[in-house]
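Report on the following structure.
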Amino acid sequence: MLALPAFCETSAKLSDRPLRVATKVIAPFVLPDTDPPAGFSIDLWAEVARRINVQYQWLVVSTVPELLQAVRAGDADVAVAAISITPEREELLDFSFPYFDSGLQIMVGAAHQGAILASLRSFPWLALGELFGFGSVLIFVMANVLMVIERRHANPNFRKPYWRAVGEGIWGIMLIFSTGEHGDRDTPRVWKRIAVAAMWFLGVLLIAQMTATVTAIQTVERLESSIRDINDLPGKKIASVAGTVAGDELTQRGLPFVPARDLGDAVRMLSHGDVVAVVYDSPTLQYLAATQASGAVQVVGPIFRPQKYGIAVAEGSALRKPINEALLKIYDDGTYDRLRAKWFSNRK
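Just so we're aligned, residue 481 is where the sequence shown starts under this note's numbering, counting upward by one.
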């Protein structure tokens, strides 16, 4: 009974001004492109704030280090997102009771989709499209060069309106590419022979580039298919976000990684073939694979480096006790289960 007046007094003091609550995007805890912020952690904080009777305003930052520094520097009273409680962070900040069990997992390109579907999804359409566009322009230019050469030597097949003559030129270029020869094999004209040889050489380069592009993608797929857990990562090119538990864990294991600005940047690297795996928080990877990646990626292997998420406040903050009391009540009356079901159960 003696604790009740103290709690009420603390709540009254806290409600003198709106609390500044720092957060960052990390779906589904904090969704992107929402104003005001939305997500599991956002709903949980709203329930905590209602129960401790405080108003608040959001401070959105971009990275986890910025999130923690905002509380340390006094720019924010509270930080809420998907903040892992670690010994290093506990030395600098105070945390609430844990409200979510998490861990790290690995994302790779999707596999086991059926041979035809997997081939279509993994085929380097963008790279080949760019190569096809460049090749089409090159063939068109060479067809015009061939047309000019043949017209100068009165070839009757090229004495036609422009587009029909260019069509003959394109056909001639395709014959050069495929056979290495031009139809006029007995021509004594040196410049024409040089032009045909140059066109054949360019065609070989174009086909070689296309072959290299497809081979590179297939190599990446073989590397991805060999990744099943953290022990398969040595020697692989992987991405993660610096300043996070995932990045710290990879560094501690001696696994170099490509630092991404955020998870979206890391997934773009994966989809473009720049890396073969992404290491990050399991709930976020699972959510992304289930809702936003259109089957192009999958999460593999068991969860490693277990961690717990909490609400961060400054060291010695009077907020910690009422926040913890509110969390216990949220667990006890079923509110937590309802919020979790809203954001996770229908996405499994």
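All C-beta atoms in this analysis are idealised placements derived from N, C-alpha and C, irrespective of residue type, glycine included.
- Contact between the segment 527-541 and the segment 777-785 is not established, with fewer than three Cβ pairs separated by less than 8 Å.
- By the C-beta density criterion, Ser616 is exposed, having fewer than 16 other C-beta atoms within 10 angstroms.
- Collapsing the DSSP output to three states places Arg820 in a helix.
- Around the beta carbon of Leu573, 16 or more other beta carbons sit within 10 angstroms, so the residue counts as buried.
- Distance between Gly519 and Gly727, taken at the CA atoms: about 24 Å.
- In the DSSP assignment, Gly589 falls within the unbroken beta strand (DSSP E) covering 580-589.
- Judged by their CB atoms, Ile563 and Ala792 are nearer to each other than the 7 Å cut-off.
- When DSSP assignments are scanned along the segment 526-559, the uninterrupted stretches of beta strand (DSSP E) that are 3 or more residues long and fall wholly within it turn out to be 536-540.
- Within the segment 717-802, the complete beta strand (DSSP E) runs of at least 3 residues fall at 718-721, 738-740, 757-761, 777-794.
- A direct Cα-Cα distance of roughly 26 Å separates Ser825 from Glu805.
- Distance from the CA of Ala550 to the CA of Lys801, rounded to the nearest whole angstrom, comes to 20 Å.
- Going by C-alpha positions, Ala740 is about 16 Å away from Lys504.
- One alpha carbon belongs to Val646, the other to Phe620, and they sit about 8 Å apart.
- Less than 7 Å divides the Cβ of Met587 from the Cβ of Val777.
- The three-state reading of DSSP puts Ala645 in helix, counting H, G and I together.
- The C-beta distance from Tyr579 to Tyr767 rounds to 17 Å, too long to fall under 8 Å, and the pair is not in contact.
- Nearest to Leu584 by C-alpha distance, out of Ala559, Asp761, Pro517, is Asp761.
- According to DSSP, residue pairing for Leu499 in a beta bridge involves Tyr536.
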